[in-house]
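Chemist: The structure that follows is given in the form of structure tokens.
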Amino acid sequence: MTSLITPGTPDEYRLPTNVKPIHYDLTVKTDLQALKFEGLVRIDLDVKDPTSRIVLHCSGLALGKASLFSDVFKTEQQLAHPDLDKDSERIAYNLSETLPAGSKALLRISFKAELADNIRGYYKSSYEKDGKKKYYALTQFAPTAARRAFPCWDEPLLKATYAVTLISHADTVNLNNMPSVSEEIIKSDYKPNSEPEYKDLFSGLKDTEWKITKFQITPLMSTYIVAWANGHLDYTEDSVFLPLSGKTIPVRIYATADQVHQTKFSLNLTKAVLPLYEKMFDIAYPLPKMDVLVATDFEQGAMENWGLIVGAPQVLLVDPEKADVRSKKMVARVLSHEIAHMWFGNITTMEWWTYLYLNEGFASLMGEVVIPGEDMFRAPKLLLTYSHIHCFRQWKLDSGFITTQLHQALSQDAKPSSHPIEVDCPDSNRINQIFDSLSYCKAASVLRMLSSYVSQESFLKGVSIYLKSKLFGNSVTDDLWEGISKAAGIDVKATMDNWVKKIGFPVVTVTETPGGIHVRQDRFLETGKGEGTNNEIVWHLPLRILTVDSAGKAVIHNQTLLTEREQFFKLDTSKPYKLNAGSTGVYRVLYQPQTLAKIAEEAVKDDSIFSLNDRMGLVYDIIALSSAGLAEISSALTLVNILGKNEKEYLVWANIAENLANLASTWWENEEVVRQLDALRGALFAPLVERLGYEFKSTDSADTIQLRALAITEAATARNPQVVKELQDRFEYYLKTGSDSRIAPDLQRIVYHTAVVNGGRAEYNAVVAILEEGKSPSARVAAILATCSTHDPVILKETLELIKTKSRDQDILQYFRGVSNNIKMRRSIITFFKDEYETIMRRFGGSFSLPYLFSFSFGMLSSRDDLQETQAFFSDKDTSTYDLALSQSLDSIRARIQLIERSTADLESWLKKWQGPSEV
1 MTSLITPGTP DEYRLPTNVK PIHYDLTVKT DLQALKFEGL VRIDLDVKDP TSRIVLHCSG
61 LALGKASLFS DVFKTEQQLA HPDLDKDSER IAYNLSETLP AGSKALLRIS FKAELADNIR
121 GYYKSSYEKD GKKKYYALTQ FAPTAARRAF PCWDEPLLKA TYAVTLISHA DTVNLNNMPS
181 VSEEIIKSDY KPNSEPEYKD LFSGLKDTEW KITKFQITPL MSTYIVAWAN GHLDYTEDSV
241 FLPLSGKTIP VRIYATADQV HQTKFSLNLT KAVLPLYEKM FDIAYPLPKM DVLVATDFEQ
301 GAMENWGLIV GAPQVLLVDP EKADVRSKKM VARVLSHEIA HMWFGNITTM EWWTYLYLNE
361 GFASLMGEVV IPGEDMFRAP KLLLTYSHIH CFRQWKLDSG FITTQLHQAL SQDAKPSSHP
421 IEVDCPDSNR INQIFDSLSY CKAASVLRML SSYVSQESFL KGVSIYLKSK LFGNSVTDDL
481 WEGISKAAGI DVKATMDNWV KKIGFPVVTV TETPGGIHVR QDRFLETGKG EGTNNEIVWH
541 LPLRILTVDS AGKAVIHNQT LLTEREQFFK LDTSKPYKLN AGSTGVYRVL YQPQTLAKIA
601 EEAVKDDSIF SLNDRMGLVY DIIALSSAGL AEISSALTLV NILGKNEKEY LVWANIAENL
661 ANLASTWWEN EEVVRQLDAL RGALFAPLVE RLGYEFKSTD SADTIQLRAL AITEAATARN
721 PQVVKELQDR FEYYLKTGSD SRIAPDLQRI VYHTAVVNGG RAEYNAVVAI LEEGKSPSAR
781 VAAILATCST HDPVILKETL ELIKTKSRDQ DILQYFRGVS NNIKMRRSII TFFKDEYETI
841 MRRFGGSFSL PYLFSFSFGM LSSRDDLQET QAFFSDKDTS TYDLALSQSL DSIRARIQLI
901 ERSTADLESW LKKWQGPSEV
């Protein structure tokens, strides 16, 4: 093996720039019977500098003949087998003559490989039909796996056009980014009129019929969004009129025959969102079709391949007969995110993975920007609003953003091992690791904060300016700031650079003084305030101070900006006020205890000036601040207890439930504290069950449906005997009759969970049967989680065996999450990870799943012994592909240790008083 990199030089992590690809003519023959593929790529090259060596990416392919034709030498040169560097995944062809700068060349390379089974590159996906395993094939190239399917320049900056031809069995379907222009059935004696390498693709054809499908040439695009698929696939179809381009294009959702009936929801959503985004960005959707492929095996949630989105069943399918709100919301958020990428990432692409957030942060934000009206499936009229997207307006995804994006971002960014949104990642090992909640959630939250500060109208106008300035090109952060600056008339770079280029975020300490408030910012860490080098950054903070006017109406001071470490702001503190109105800011707010008490008193009023978003922010802030030692745990629980007595909104209750569960998860080895926390959960949620009942009606609002499901879930988890018995009876009816008519879709998870936790072998076997039957993705996920919830160690071993023998790669996180959340059996997943370490690394090394496997396995530990044992286990391991995830897990353990040591007495005291007659 030859090394094709020179450490310390520009080509250590990036390909040499002496030649640039302009156009790929790619032919791939897929044999689904032999589970192999072979192909020929012809690449038009623009020679930028004199060169006698061509270096490009290739990994795992058996390379055949290669040749080079130059317009200078007018002869075709047969090339010797290339030098190969497996570590850098590069090959190099040495030329007998030097190509001069400014010349053109055509590089031809033939290749072949087996269809992969690790869901990267060009791989096979399996499904069951008539009791037999069948396969189809599809691609997943992001971020650096196109090189596993064909030799290429696999970097986002090196855009080119693509003409793809697929050769396949005649009875299969071929898909590509673009529509097909021709399809021809061929026989084994077919003789193409082309170069020898192309003819070789037809030499192995058997007597069965084959076909050739040719597709339109793509626009300029990066390798990671090139896509194709081949197999026995069905589809649902519609068309959509695009108002800006004035054209009508087809929309199709492809899936295997057993799943296609669950694609209607995705079809309607795609049809609704495309024209709205086109109008919002003021840029025409450039492709002549939009396809979505439901992939039975797929690691990520979904992937934004241009014109051919691919995603896992659990994020794209909705059972038309048993549709739960959770599944609908997931599909809406994920599909809207991926469709946003058609503009953010596909038309305008980050220059390098350092700027990943320009893709993912925008798509995460825009996925919650457009609102199809709640009657979108019954009428053509669509509503456009900037705050969020959902199929039913009651979903309140703008408020949900605080949980799904903002809170996730702040939780990870509070760790010392965090990284900036804009993070240097030259090494491919680093690229996979930064597909995390900082590149997605924090980036989206920072952009949402900027939008709130400059106004939504100016923000969207600036985004359109940015996209138009980089149409079919590549961009960096300053390009975005320039566009929004032009629209807003301010220096956005000065305000925002620290937010994307520096680690962390601040906690804002508010102290009331005569005539106003004194405000100070410090870096927030999950272990307290930053000090020294951990507290050098001063952010520009939009404070969004909410006050009341003389009529008692809420007023938001949107332009108030904290630009120094400490500042004074004039304010009448005798009246209600709150910083970070609407929870749009990416920071925590620490009030004096008496101020927080006044805010809480105002928040529980029916006519409170504080919104749903404000109440959610209050709970998240006080829990995080108390966990970090900046407030008492008792103060947080008192606020939760106060809000819980009059709260009506599902999202606040979900926030309360999440934080109480996190406390129990932290003190998981203190049985008495867990028992008392469960008692608190039961006392808060059991009355809601009594009020809302168990029956779901067609007239129920989405909020009512979700709140009922949450209340039942929390009460059952807290072991409320009446709720547990009701859920057991419903599962028992299923066992006796085979009918799940008494198990509402929104209760599947908690019914299965309750049955297994409180049952035995019969209940567990029944849940495993549901898992294997797999009627719908939501039922499968519910069954997976239930198999992890047993308190019987013998039965749990069978679940761990399922992970090894039967789980699909895309399900692995559900298993690890399920066992990790089972505090009675949590240590089982740690032992499993250690015992199966080599297998896990072979199966998931370098994948998107690996960081989460670390978090679920080790991030929940909370003792000094566990910290030492974890460090010792990894001391002799090569951690280069997961060093960030390991550091974050170790940070989590340290933070939990400090929290337990600091706050156990306070927590136990509050719980004891709460259970007494005064009820804190």
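At position 855 of the sequence shown (counting the first as 1) the number is 855 in full-length UniProt numbering, and the numbers step up by one without a gap. No residue lacks a Cβ here, since even glycine has one placed at the ideal position from N, Cα and C. On a predicted model such as this, the values are computed, not experimentally measured, just so you know.
Under the assumption that L106 contacts F69 (Cβ atoms under 8 Å), give the Cβ distance between them as a whole number of angstroms.
Modeler: Indeed they touch by this definition, with Cβ atoms about 4 Å apart.
Chemist: Three or more C-beta pairs closer than 8 Å, one from the region 58 to 67 and one from the region 108 to 118: is that the case here?
Modeler: These segments touch.
Chemist: Measure the C-alpha to C-alpha separation of F362 and S445 and round it to an integer number of angstroms.
Modeler: Rounded to the nearest angstrom, the two C-alpha atoms are 10 Å apart.
Chemist: Measure the alpha-carbon distance for Y453 versus A551 and round it to whole angstroms.
Modeler: Whole-angstrom Cα-Cα distance: 25 Å.
Chemist: Taking C-alpha atoms, which residue in K29, I421, L95 lies nearest to T75?
Modeler: Checking every option, the nearest Cα to that of T75 belongs to L95.
Chemist: Where does I633 sit, in a helix, a strand or coil, going by DSSP?
Modeler: I633: helix per DSSP, three-state reduction.
Chemist: If you compare alpha carbons, which of D491, Y591, T354, K502 is closest to N474?
Modeler: Answer by Cα proximity: T354.
Chemist: Determine, using beta carbons only, whether M342 and E304 come nearer to each other than 8 Å.
Modeler: Going by C-beta atoms, M342 is nearer than 8 Å to E304.
Chemist: Are there 16 or more other CB atoms within 10 angstroms of the CB of R761, so buried, or fewer, so exposed?
Modeler: Label assigned to R761: exposed.
Chemist: What does the alpha-carbon distance come out to for the pair A711 and E602?
Modeler: Distance between the alpha carbons of A711 and E602 is about 25 Å.
Chemist: What residue does the beta strand (DSSP E) around K570 start on, and which one ends it?
Modeler: Per DSSP, K570 belongs to the beta strand (DSSP E) from 566 to 570.
Chemist: Which complete beta strand (DSSP E) runs does the region 445 to 498 hold, if anything under 3 residues is left out?
Modeler: The qualifying runs do not exist here; there are none.
Chemist: Of the residues Y136, G121, G311, R53, which one's Cα is nearest the Cα of P100?
Modeler: Of the candidates Y136, G121, G311, R53, the one whose C-alpha sits nearest the C-alpha of P100 is R53.
Chemist: So, T139 versus Y122, is the Cβ gap smaller than 8 Å?
Modeler: Yes, Cβ-Cβ distance for T139 and Y122 is below 8 Å.
Chemist: Whole angstroms is fine: what's the gap from I119's alpha carbon to E422's?
Modeler: About 27 Å.
Chemist: Quick one: is H57 buried, meaning 16 or more other Cβ sit within 10 Å of its Cβ, or exposed?
Modeler: Counting Cβ neighbours within 10 Å, H57 comes out buried, since at least 16 surround it.
Chemist: Nearest CA to the CA of L853: which residue from D811, K322, T9?
Modeler: Closest by alpha carbon: D811.
Chemist: Restricting to Cα atoms, I'd like to know which of A885, R808, V757, V538 is closest to N822.
Modeler: The candidate whose alpha carbon is nearest that of N822 is V757.
Chemist: Just the C-alpha distance for S458 and R520, rounded to the nearest angstrom, thanks.
Modeler: Answer to the nearest angstrom: the Cα atoms are 29 Å apart.
Chemist: Mind checking N720: buried by the 16 CB within 10 Å criterion, or exposed?
Modeler: Under this definition N720 is a buried residue.
Chemist: Could you compute how far the alpha carbon of R378 sits from the alpha carbon of H337?
Modeler: With a pLDDT of only 36 at R378, under the threshold of 50, the placement of this residue in the model should not be trusted; the figure read from the coordinates follows. Each residue's Cα considered, the two are about 23 Å apart.
Chemist: Starting from G246, follow the alpha helix (DSSP H) in both directions and report where the run begins and ends.
Modeler: Segment: none, G246 is in no alpha helix (DSSP H) and carries neither H nor E.
Chemist: From what residue to what residue does the beta strand (DSSP E) around Q77 run?
Modeler: Here the beta strand (DSSP E) through Q77 covers 76 to 78.
Chemist: Going by beta carbon distance, what residues of the same chain come within less than 7 Å of D479, once the five residues before and after it are set aside?
Modeler: Y466, S469, K470, listed in sequence order.
Chemist: Is T477 buried or exposed, if buried means 16 or more other CB atoms sit within 10 Å of its CB?
Modeler: Label assigned to T477: buried.
Chemist: When burial is assigned at 16 or more other CB atoms within 10 Å of the CB, is Q592 buried or exposed?
Modeler: When all chains shown are included, Q592 counts as exposed.
Chemist: Quick one: measure Cβ to Cβ for K502 and P420, integer angstroms, because I've assumed they're closer than 8 Å.
Modeler: With a Cβ gap of about 6 Å, K502 and P420 count as contacting.
Chemist: With a threshold of 8 Å, are at least 3 pairs of Cβ atoms found where one atom belongs to the region 152 to 160 and the other to the region 178 to 188?
Modeler: Output reads no: the region 178 to 188 does not touch the region 152 to 160.
Chemist: Going by the beta-carbon positions, is the gap between V294 and L308 smaller than 8 Å?
Modeler: No, they are not a contact pair.
Chemist: Just the Cα atoms here: how many angstroms apart are T9 and T17?
Modeler: Going by the C-alpha atoms only, they are around 12 Å apart.
Chemist: Apart from the five residues on each side of it in sequence, which residues of its chain come closer than 7 Å, Cβ to Cβ, to S918?
Modeler: Residue placement at S918 is poorly supported in this model, since its pLDDT is 43, which falls under 50; the coordinates still yield a value, given next. Result list for S918: empty, nothing under 7 Å.
Chemist: By how many angstroms is the C-alpha of K648 removed from the C-alpha of Q594?
Modeler: Computed Cα separation, rounded: 25 Å.
Chemist: One question on the structure: do A895 and S855 come within less than 8 Å of each other, judged by their Cβ atoms?
Modeler: Not in contact: A895 and S855 (Cβ atoms no closer than 8 Å).
Chemist: Does DSSP put V318 in a helix, in a strand, or in coil?
Modeler: Three-state DSSP puts V318 in coil, outside helix and strand.
Chemist: Rounded to whole angstroms, what is the Cα-Cα separation between N346 and Q216?
Modeler: Cα to Cα, the separation comes out at about 17 Å.
Chemist: Are A92 and L220 touching if we call contact CB-CB under 8 Å?
Modeler: No. Outside cutoff.
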